[in-house]
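To keep things clear, I will list the structure first and then write my remarks on it.
Number of protein chains: 2
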Amino acid sequence: MDLSSRQKEIIEMVKEDQPITSEQIAEKLSLTRAALRTDLAILTMIGILDARPKVGYFYSGKSILSSIGSYMKNLNVEEVKSLPIIVFEETTVYDAIVTLFLEDVGTVFVQNQEKNLSGIISRKDFLKIAIGNHDIQKMPVAMIMTRMPNIAYVYADESLYDAAVKIINHEVDSLPVVEKKINDNDNEGLKIIGKISKTTITEVLVKIGKE
Amino acid sequence: MDLSSRQKEIIEMVKEDQPITSEQIAEKLSLTRAALRTDLAILTMIGILDARPKVGYFYSGKSILSSIGSYMKNLNVEEVKSLPIIVFEETTVYDAIVTLFLEDVGTVFVQNQEKNLSGIISRKDFLKIAIGNHDIQKMPVAMIMTRMPNIAYVYADESLYDAAVKIINHEVDSLPVVEKKINDNDNEGLKIIGKISKTTITEVLVKIGKE
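Following this line, the structure appears as structure tokens:
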């Protein structure tokens, strides 16, 4: 967003002499208040200036940050999710590690026989097991995975911001994107329909920056 | 940035009937053109609408994206870098893995005797070695690390956007933040002064969203 030179001048003026009234700004610029109205409305609107009634204008400078915030809050997980890599509870730890390398991912999701999300395994979980004295060629992933209800996940209609908050708060690298489903036996389950990772977030930012 | 209900109405109108002139918008809203001037100026200014002389207004919707891009390009790595975890070339693979768990990081940087950046090891590198038949208690990290000049790194005065691009292009989880230095023997080296990871980027976004 490009500001006009007059708008930039107004910002500098407010930064130096805040609070400052529109009359004072108009006088300094030798303009009428009416001529300034649109510029002041724009600067207040986009949040660079803060207007307090009967006091005047303050410099806030928050606008760009808050637009990033609202952009992230309006972007649905659905629009940016990537393909999930899924193994079964019976898959051996060794085979799951091979899958992780072949698919070039950092986290593997696990589903049970009803095809519901039942676990998640990170590179660190695998590494911990691999340096121990375990027969990883025979051990099923069900023995080492993080299980429900300890799995952090998101629904497709949550925002990228919600996903980022969960990733940071739960200290994980990625989240399964899920949808609720009713199984044959009337139990509720979560179907894995995608993945949101720190990589997704970084890619979104790179894509935005390129545009 | 919150748009007024009239501004939102104008946006919807332009989306449906673009290009549309200010006369047509004024007529639909039963307002004078003068009453619309500030709203149209704001919407054009922040880039949601595009105005073409003698044609009318178009919907662009680009503004927020471009402010995110410029924010990321103006934020220096210096301001957001975190502490690097560093081991020596002689450190054993086992000890480096223990450090990775103790420090709760995903990547370990390696420095040589001159205290210059000489290597980097990811969780995947460790995992690959751990599942092979290696004596990781005796093997030094120098045997498995990615070496210069194959290490992606950033300088402190590069932007967070530059860092994100390198992370995606080199398919890594984190970058050492370095500064050039001249060693005693007049060789140039890179001193490790920080770390930028996908976690850093995700944290920055969460922080922005909270504000």
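Note that the protein sequences, when read in sequence, are chains A and B. Residue numbering for the first sequence follows the working numbering, beginning at 209 and increasing consecutively. Residue numbering for the second sequence follows the working numbering, beginning at 209 and increasing consecutively. Note that CB positions come from ideal geometry on N, CA and C, so glycine has one too.
Beta carbon of residue i nearer than 9 Å to that of residue j
i, j, result
"residue 154 of chain A", "residue 368 of chain A", "The requested residue 154 of chain A is not part of the displayed model; chain A covers only 209 to 419."
"residue 284 of chain B", "residue 366 of chain B", "yes"
"residue 387 of chain B", "residue 401 of chain B", "yes"
"residue 316 of chain A", "residue 297 of chain A", "no"
"residue 349 of chain A", "residue 327 of chain A", "yes"
"residue 320 of chain B", "residue 399 of chain B", "no"
"residue 429 of chain A", "residue 230 of chain A", "Beyond the ends of chain A as shown, which are 209 and 419, falls residue 429 of chain A; an answer cannot be given."
"residue 414 of chain A", "residue 373 of chain B", "yes"
"residue 304 of chain B", "residue 339 of chain B", "no"
"residue 347 of chain A", "residue 301 of chain A", "yes"
"residue 409 of chain A", "residue 371 of chain A", "yes"
"residue 360 of chain A", "residue 378 of chain A", "yes"
"residue 403 of chain A", "residue 293 of chain A", "yes"
"residue 277 of chain B", "residue 232 of chain B", "no"
"residue 417 of chain B", "residue 281 of chain A", "yes"
"residue 253 of chain B", "residue 237 of chain B", "no"
"residue 266 of chain B", "residue 215 of chain B", "no"
"residue 246 of chain B", "residue 245 of chain A", "yes"
Any chain A beta carbon closer than 9 Å to residue i
i, result
"residue 219 of chain B", "no"
"residue 277 of chain B", "yes"
"residue 365 of chain B", "no"
"residue 302 of chain B", "yes"
"residue 202 of chain B", "This structure cannot settle anything about residue 202 of chain B, because the visible part of chain B is limited to 209 through 419."
"residue 280 of chain B", "yes"
"residue 331 of chain B", "yes"
"residue 244 of chain B", "no"
"residue 291 of chain B", "no"
"residue 361 of chain B", "no"
"residue 406 of chain B", "yes"
"residue 287 of chain B", "no"
"residue 409 of chain B", "yes"
"residue 253 of chain B", "yes"
Exposure label - residue i; buried when at least 16 CB within 10 Å
i, result
"residue 213 of chain B", "exposed"
"residue 331 of chain B", "buried"
"residue 357 of chain B", "exposed"
"residue 257 of chain B", "buried"
"residue 405 of chain A", "buried"
"residue 243 of chain B", "exposed"
"residue 289 of chain A", "buried"
"residue 250 of chain B", "buried"
"residue 334 of chain A", "buried"
"residue 261 of chain B", "exposed"
"residue 291 of chain B", "exposed"
"residue 353 of chain B", "buried"
"residue 306 of chain B", "exposed"
"residue 310 of chain A", "exposed"
Delimiting residues of the alpha helix (DSSP H) encompassing residue i
i, result
"residue 369 of chain A", "368 to 377"
"residue 230 of chain A", "230 to 236"
"residue 213 of chain B", "213 to 225"
"residue 192 of chain A", "No answer is possible for residue 192 of chain A: it lies beyond the span of chain A, which begins at 209 and ends at 419."
"residue 242 of chain B", "241 to 253"
Terminal residues of the beta strand (DSSP E) in which residue i lies
i, result
"residue 361 of chain B", "No beta strand (DSSP E) contains residue 361 of chain B, which DSSP labels as neither H nor E."
"residue 328 of chain A", "325 to 330"
"residue 288 of chain A", "Not the beta strand (DSSP E): residue 288 of chain A falls in the alpha helix (DSSP H), residues 285 to 288."
"residue 318 of chain A", "315 to 319"
"residue 396 of chain A", "396 to 405"
"residue 349 of chain A", "Element bounds for residue 349 of chain A: n/a, residue is neither H nor E."
"residue 305 of chain A", "Careful: residue 305 of chain A lies outside any beta strand (DSSP E), inside the alpha helix (DSSP H) at 301 to 311."
Proximity test, Cβ basis, 9 Å: residue i and chain B
i, result
"residue 403 of chain A", "no"
"residue 317 of chain A", "no"
"residue 312 of chain A", "yes"
"residue 266 of chain A", "no"
"residue 216 of chain A", "no"
"residue 258 of chain A", "no"
"residue 418 of chain A", "yes"
"residue 379 of chain A", "yes"
"residue 414 of chain A", "yes"
"residue 240 of chain A", "no"
"residue 325 of chain A", "no"
"residue 249 of chain A", "yes"
"residue 373 of chain A", "yes"
"residue 383 of chain A", "no"
"residue 237 of chain A", "no"
"residue 400 of chain A", "no"
Strand pairing of residue i, partner residues [DSSP]
i, result
"residue 257 of chain B", "B/267"
"residue 295 of chain B", "B/318"
"residue 354 of chain B", "B/328"
Proximal residues of chain D, C-beta to C-beta of residue i below 8 Å
i, result
"residue 334 of chain A", "Considering every chain present, this structure includes no chain D. Its protein chains are A and B."
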